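What follows is a set of notes on a single structure, which appears directly below.
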Amino acid sequence: MRIRAIVAAVSGALALSALAVPAAQAVTDSGAPYTLNASFSNVSIAKAVKVGTTNEVSVSYSYTLTHGSDVNIAASDFYTDAFLYHGTYSDTSPELYGDDPATCTATSSTTATCKGSINIYPTDADPKIADAGTWNVAAEAVAFNGQDQQNPDMSKVGYKDQSGLGTTLVQRYSKLTTTVSSTSVYKGKTFTASGKLSRADWDDNLYHGYANQPVKLQFRKAGTTTYTTIKTVYTDSYGNLKTSATVNYSGYWRYSFAGTSTTPAVSATGVYVGVK
Numbered sequence: 436m437r438i439r440a441i442v443a444a445v446s447g448a449l450a451l452s453a454l455a456v457p458a459a460q461a462v463t464d465s466g467a468p469y470t471l472n473a474s475f476s477n478v479s480i481a482k483a484v485k486v487g488t489t490n491e492v493s494v495s496y497s498y499t500l501t502h503g504s505d506v507n508i509a510a511s512d513f514y515t516d517a518f519l520y521h522g523t524y525s526d527t528s529p530e531l532y533g534d535d536p537a538t539c540t541a542t543s544s545t546t547a548t549c550k551g552s553i554n555i556y557p558t559d560a561d562p563k564i565a566d567a568g569t570w571n572v573a574a575e576a577v578a579f580n581g582q583d584q585q586n587p588d589m590s591k592v593g594y595k596d597q598s599g600l601g602t603t604l605v606q607r608y609s610k611l612t613t614t615v616s617s618t619s620v621y622k623g624k625t626f627t628a629s630g631k632l633s634r635a636d637w638d639d640n641l642y643h644g645y646a647n648q649p650v651k652l653q654f655r656k657a658g659t660t661t662y663t664t665i666k667t668v669y670t671d672s673y674g675n676l677k678t679s680a681t682v683n684y685s686g687y688w689r690y691s692f693a694g695t696s697t698t699p700a701v702s703a704t705g706v707y708v709g710v711k
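Quick note: the sequence shown uses the numbering used here, first residue 436, plus one each step.
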C-alpha cells in the first residue's frame, strides 16, 4: 500500500499531496509534515524477484523500526511499509509498493519488527522492461496523530522515509526449451538439439527470444543425477538454439542458461535419447 506521494514543493518544502491509506484522500493542506522520530534497519528481502507477463508476484520483507517514545505505532492512523525504487531515490524514481501497509510487532518500547510484502502486477506495466535489474529498498512511516486524513493540518503529521536500505533484483521471467532430432541414435552418431531461450516483456505482456546469450548443452547419463556441460551455444537474434552432439550413452540432454542481472537462470527439462 503506497503511503506517500511526494509530488510538489510548497514554499521550498516537500508536501504529501496524496496518501493511499484507508480513508485517505487528496491532502489539501499546503503545509509540510514534521520529521517523524523513526528509523529503519535490518531489512530482509529476497535476493531476486522473477516477474512474468500475467501473474501477480508478491515478495515478502521485514525490517526493524526504531522510534521515539512519542511515536505510537499501535495507533490506528500510524502506517509504515517498505518499498522498492529503481535508480536514484527521487520523486520521479520508478517505485513498487505492497497492497497493504506492514504489520509491526513491538519488541521494546521503542523498537518493532515490521513485516509486509510488495505486490507486482506486470499487466499494469509495473515495472517497465527498461527497469529490469537492480532495485533498491526504502522504508517509510507516517503518523497522522488524530488528524483528519482527508484534510489534515500537515504541521501535525509526522513522516519519515529512508532510502538505501538494501537491494534486490527484479528480473524478467525466463523460459528455455530443448527438442531433439531423434530419441534413438546409434552409438557414436550425432543428433541435433534445438531449443529457444525467451523472457518476459513487461511492456507488451508477451515472451520474446533472448538474443546472443551463451547457453550450455548438457548431458546426464541414464541412472545418474548430475548433468555435464558438453558445449556452449549462443542464441540467434530470435533466441533460438541449434547444435549437434555425439551420442555414446543413453541419457538426458538439455539446455541450461546461467542467467544475467535482468534475467534469471533457467534449465530446460531433459529429453531422453537412447543408444541403439
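All C-beta atoms, glycine included, are put in the ideal place defined by N, C-alpha and C.
Since the structure is predicted, the reported quantities are computational estimates derived from the model, not experimental observations.
By how many angstroms is the C-alpha of residue j removed from the C-alpha of residue i?
| i | j | result |
| --- | --- | --- |
| residue 463 | residue 577 | Reliability fails at residue 463, whose pLDDT of 42 lies under 50, so the model's placement of it is uncertain and the value that follows must be treated cautiously. Whole-angstrom Cα-Cα distance: 17 Å. |
| residue 630 | residue 679 | 12 Å |
| residue 602 | residue 529 | 14 Å |
| residue 670 | residue 650 | 7 Å |
| residue 682 | residue 616 | 12 Å |
| residue 706 | residue 625 | 15 Å |
| residue 567 | residue 661 | 32 Å |
| residue 506 | residue 527 | 29 Å |
| residue 461 | residue 592 | Reliability fails at residue 461, whose pLDDT of 39 lies under 50, so the model's placement of it is uncertain and the value that follows must be treated cautiously. Approximately 14 Å, taken between the alpha carbons. |
| residue 469 | residue 560 | 34 Å |
| residue 508 | residue 598 | 20 Å |
| residue 459 | residue 482 | No answer about residue 459 holds up, because its pLDDT of 38 lies below 50 and its placement is not dependable. |
| residue 586 | residue 632 | 53 Å |
| residue 570 | residue 555 | 13 Å |
In the structure shown, what three-state DSSP assignment does residue i receive?
| i | result |
| --- | --- |
| residue 434 | In the structure as shown, the chain begins at 436 and stops at 711. Residue 434 is therefore absent and cannot be evaluated. |
| residue 649 | strand |
| residue 510 | coil |
| residue 661 | coil |
| residue 559 | helix |
| residue 553 | strand |
| residue 566 | helix |
| residue 544 | coil |
| residue 622 | coil |
| residue 462 | Residue confidence for residue 462 is low, a pLDDT of 42 falling below 50, so the modelled location carries little weight and cannot support an answer. |
Under 7 Å, do residue i and residue j count as touching if we go by C-beta distance?
| i | j | result |
| --- | --- | --- |
| residue 553 | residue 638 | no |
| residue 485 | residue 606 | yes |
| residue 674 | residue 644 | yes |
| residue 642 | residue 573 | no |
| residue 477 | residue 498 | yes |
| residue 613 | residue 703 | yes |
| residue 466 | residue 589 | yes |
Between the options, which has its C-alpha nearest residue i's C-alpha?
| i | options | result |
| --- | --- | --- |
| residue 610 | 634, 591 and 589 | 634 |
| residue 697 | 589, 487, 474 and 548 | 487 |
| residue 684 | 646, 672 and 659 | 659 |
| residue 495 | 545, 506, 627 and 516 | 516 |
| residue 534 | 590, 491 and 621 | 491 |
| residue 604 | 676, 531, 655 and 474 | 531 |
| residue 663 | 672, 640 and 688 | 688 |
| residue 608 | 652, 562, 666 and 480 | 562 |
| residue 580 | 558, 600, 512 and 522 | 512 |
Cβ of residue i less than 7 Å from any chain D Cβ?
| i | result |
| --- | --- |
| residue 537 | The structure shown contains no chain D, having only a single protein chain. |
To the nearest whole angstrom, what separates the beta carbons of residue i and residue j, a pair I think is in contact under 8 Å?
| i | j | result |
| --- | --- | --- |
| residue 538 | residue 551 | 7 Å |
| residue 646 | residue 672 | 5 Å |
| residue 546 | residue 501 | 5 Å |
| residue 623 | residue 656 | At roughly 16 Å, the Cβ-Cβ gap does not stay under 8 Å, so residue 623 and residue 656 are not in contact. |
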